[in-house]
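Contents: one structure, followed by commentary.
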Amino acid sequence: MGACPGRGRAGASTPARRAAFSRVPRPECGSRLAALADSGVLRSGAAAMAGQAFRKFLPLFDRVLVERSAAETVTKGGIMLPEKSQGKVLQATVVAVGSGSKGKDFYNWPDESFDEMDSTLAVQQYIQQNIRADCSNIDKILEPPEGQDEGVWKYEHLRQFCLELNGLAVKLQSECHPDTCTQMTATEQWIFLCAAHKTPKECPAIDYTRHTLDGAACLLNSNKYFPSRVSIKESSVAKLGSVCRRIYRIFSHAYFHHRQIFDEYENETFLCHRFTKFVMKYNLMSKDNLIVPILEEEVQNSVSGESEA
0 MGACPGRGRA GASTPARRAA FSRVPRPECG SRLAALADSG VLRSGAAAMA
50 GQAFRKFLPL FDRVLVERSA AETVTKGGIM LPEKSQGKVL QATVVAVGSG
100 SKGKDFYNWP DESFDEMDST LAVQQYIQQN IRADCSNIDK ILEPPEGQDE
150 GVWKYEHLRQ FCLELNGLAV KLQSECHPDT CTQMTATEQW IFLCAAHKTP
200 KECPAIDYTR HTLDGAACLL NSNKYFPSRV SIKESSVAKL GSVCRRIYRI
250 FSHAYFHHRQ IFDEYENETF LCHRFTKFVM KYNLMSKDNL IVPILEEEVQ
300 NSVSGESEA
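Numbering that gives the first Met the number 0 puts the last residue of the sequence shown at 308; the count rises by one with no breaks.
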């Protein structure tokens with residue numbers, strides 16, 4: 000193997016390297032950090048943390064980083080977004096302090112109207128924003144903005160379903176094992192064959208789940224069928240129905256064989272409720288294939304609510 004330029008064998012230093020670093024001033028890191036702490040650049044224990052981090056750098060990098068911190072901004076540590084005017088830092092916004100942001104604060108930014116979302120990912124952004132606002136408000140989540148292309152709307156929702164189904168798949172791994180769930184089944188009447196093989200065949204349920212989500216991801220990210228997130232050909236939209244039928248089997252297996260996991264995830268996300276309403280709204284699946292009794296439960300709940308009233 001060839002040596003890197005300017006370096007000898009591993010662990011050895013070359014004369015050129017020693018000469019280059021001998022010209023770099025090497026004052027003690029601790030004294031510089033102490034001065035920065037006194038000036039307000041590093042506060043709330045950040046000086047000690049920074050000291051440990053800076054000692055891992057070579058002297059040149061250490062000097063540059065410390066000088067940059069002192070020259071650019073005053074903060075209490077974390078990830079900084081400096082705001083500059085004519086080359087001078089006016090202030091800096093700290094977006095993560097210490098070890099980082101908490102999960103509950105991760106999406107802590109103001110909602111935007113769909114008209115304000117001007118990127119090619121606006122539809123995905125809008126759908127995810129509505130889900131974060133209230134995942135139980137399914138009618139709101141499935142209601143497209145005025146003038147939105149229906150094909151793109153269905154496509155982006157299906158991408159989102161696949162994304163969230165990965166969360167259910169992870170939870171299923173705790174008890175859905177190849178030696179216990181040897182087939183992808185729902186009720187006794189339904190055994191599903193895995194289409195990921197050259198010839199469709201039976202597959203353990205957890206493998207079927209992985210193969211199906213992988214296959215859906217490959218199709219939905221295909222440049223051949225879906226080269227754009229703004230407009231989609233009708234021939235490509237026609238492929239969404241088969242994806243819906245396959246990924247729905249993950250719901251049905253979880254419901255009939257891992258009910259506790261299904262209920263816990265459904266109570267958190269309302270994912271199967273949303274998916275069922277989605278495929279019914281856009282006629283992507285036959286009602287006879289919707290074997291998880293979501294619709295029946297909703298009818299019963301509405302009837303009982305009316306009788307109590």
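Every residue gets a Cβ at the ideal spot worked out from N, C-alpha and C, and that includes glycine.
Next item on the list: Grab the span of the alpha helix (DSSP H) containing S251 for me, first residue to last.
Entry: For the purposes of this step, residue 251 is taken as the residue at position 252 of the sequence shown. Element bounds for S251: 239-256.
Notebook entry, point to check: Taking C-alpha atoms, which residue in Q188, V169, W152 lies nearest to Y264?
Noted result: One-based indexing of the sequence shown puts residue 264 at position 265. The candidate whose alpha carbon is nearest that of Y264 is V169.
Note to self: Looking at the strands, I want to know which residues DSSP matches up with M183.
What the structure shows: Translated into positions along the sequence shown, residue 183 becomes position 184. Its beta-bridge partners are F191.
Item checked: Alpha carbon of Y207 to alpha carbon of I293, nearest angstrom -> By 1-based counting over the sequence shown, the position of residue 207 is 208. By 1-based counting over the sequence shown, the position of residue 293 is 294. Going from the Cα of Y207 to the Cα of I293 covers about 23 Å.
Checklist line | Beta-carbon gap between T181 and P203 smaller than 8 Å | finding: Taking the first residue of the sequence shown as 1, we reach residue 181 at position 182. Taking the first residue of the sequence shown as 1, we reach residue 203 at position 204. Taking 8 Å as the Cβ cut-off, T181 and P203 qualify as a contacting pair.
Margin query: What residue range does the alpha helix (DSSP H) around L219 cover?
Written below: On the sequence shown, position 220 is the one that residue 219 refers to. Run containing L219: 204-219, per the alpha helix (DSSP H) assignment.
Next item on the list: Ignore the nearest five residues each way along the sequence and tell me which others in P177's own chain have a CB closer than 7 Å to its CB.
Entry: Position 178 of the sequence shown holds residue 177. Only P203, I205, D206 meet the Cβ criterion.
Next item on the list: Determine, using beta carbons only, whether I249 and L120 come nearer to each other than 8 Å.
Entry: Reading the sequence shown from its first residue, position 250 is the one you call residue 249. Reading the sequence shown from its first residue, position 121 is the one you call residue 120. It is not a contact, given that the beta carbons lie outside the stated cut-off.
Note to self: Starting from K139, trace the alpha helix (DSSP H) in both directions and tell me its first and last residue.
What the structure shows: Within the sequence shown, the letter at position 140 stands for residue 139. Where K139 is concerned, the enclosing alpha helix (DSSP H) stretches over 137-141.
Next item on the list: Quick one: give me the first and last residue of the alpha helix (DSSP H) that Y281 is part of.
Entry: As a working note, residue 281 is residue 282 in the sequence shown. Run containing Y281: none; DSSP gives neither H nor E here.
Notebook entry, point to check: Any idea if Q159 is buried or exposed, counting beta-carbon neighbours within 10 angstroms, 16 or more meaning buried?
Noted result: Here residue 159 is taken as the residue at index 160 of the sequence shown, counted from 1. Under this definition Q159 is a buried residue.
Next item on the list: Would you mind working out which of P226, V236, Y106 sits nearest L283, comparing C-alpha positions?
Entry: Here residue 283 refers to the residue found at position 284 of the sequence shown. It is V236 whose Cα lies nearest to the Cα of L283.
Notebook entry, point to check: In terms of alpha-carbon separation, which member of I260, C271, V278 lies closest to S135?
Noted result: Taking the sequence shown and counting its residues from 1, the one referred to as residue 135 is at position 136. Here the closest residue by C-alpha is C271.
Item checked: Through-space distance from K153 to F225, alpha-carbon basis -> The residue given as residue 225 occupies position 226 in the sequence shown. The residue given as residue 153 occupies position 154 in the sequence shown. Going from the Cα of F225 to the Cα of K153 covers about 12 Å.
Check: Measuring CB to CB, does I290 end up less than 8 Å from T186?
Finding: Counted from its first residue, the sequence shown places residue 290 at position 291. Counted from its first residue, the sequence shown places residue 186 at position 187. A contact, by the Cβ cut-off of 8 Å.
Next item on the list: Would you identify the three-state DSSP class for K200, choosing helix, strand or coil?
Entry: Here residue 200 is taken as the residue at index 201 of the sequence shown, counted from 1. Looking at K200 - three-state DSSP - the assignment turns out to be strand.
Notebook entry, point to check: Taking DSSP as the reference, what is the three-state secondary structure of E111?
Noted result: Position 112 of the sequence shown, counting from 1, holds the residue named residue 111. Looking at E111 - three-state DSSP - the assignment turns out to be coil, as it is neither helix nor strand.
Next item on the list: Identify, in the order they occur along the chain, each residue of the same chain with its Cβ nearer than 8 Å to the Cβ of L219, setting aside the five sequence neighbours on each side.
Entry: Mapped onto the sequence shown, residue 219 falls at position 220. The residues are Y154, L157, R158, C161, F225, V242.
Margin query: Which residue wins for smallest C-alpha separation from F277, given the options E142, H210, I190, T179?
Written below: Residue numbering aside, residue 277 sits at position 278 when the sequence shown is read from its first letter. Comparing Cα-Cα distances from F277 to each of E142, H210, I190, T179, the minimum goes to E142.
Check: What separation, rounded to the nearest whole angstrom, lies between the Cα atoms of N266 and Y254?
Finding: The sequence position of residue 266 within the sequence shown is 267, counting from 1. The sequence position of residue 254 within the sequence shown is 255, counting from 1. In a straight line, the C-alpha of N266 is about 13 Å away from that of Y254.
Next item on the list: Take A216 as the anchor and find which of E163, E145, I231 has the nearest alpha-carbon.
Entry: For this step, residue 216 is matched to residue 217 along the sequence shown. Ranking E163, E145, I231 by Cα distance to A216 puts E163 first.
Note to self: Does R258 pass the burial test, meaning 16 or more other C-beta atoms within 10 Å, or should it be called exposed?
What the structure shows: To locate residue 258, count along the sequence shown from 1; it is residue 259. Under this definition R258 is an exposed residue.
Next item on the list: For H196, count neighbouring Cβ atoms within 10 angstroms of its own Cβ and tell me buried if that reaches 16, exposed if not.
Entry: As a working note, residue 196 is residue 197 in the sequence shown. When all chains shown are included, H196 counts as exposed.
Item checked: Where H272 falls: helix, strand or coil (DSSP) -> Position 273 of the sequence shown, counting from 1, holds the residue named residue 272. In this structure, H272 counts as helix in the three-state DSSP scheme.
Next item on the list: Closer than 8 Å by C-beta to R131: which residues in its own chain qualify, once you throw out the five before and the five after it? Chain order, please.
Entry: As a position in the sequence shown, residue 131 is number 132, starting the count at 1. Excluding residues within five positions, the ones whose Cβ falls inside 8 Å are Y106.
Next item on the list: Tell me whether E174 sits in a helix, a strand or coil according to DSSP, three-state version.
Entry: As a working mapping, residue 174 is identified with position 175 in the sequence shown. It is coil, neither helix nor strand.
Next item on the list: Name the two residues that bound the continuous alpha helix (DSSP H) containing S235.
Entry: Counted from its first residue, the sequence shown places residue 235 at position 236. Counting along the chain, the alpha helix (DSSP H) containing S235 begins and ends at 233-236.
Notebook entry, point to check: Would DSSP call Y154 helix, strand or coil?
Noted result: As a first step, residue 154 is located in the sequence shown; it is residue number 155 there, counting from the start. If DSSP states are grouped into helix, strand and coil, Y154 belongs with the helices.
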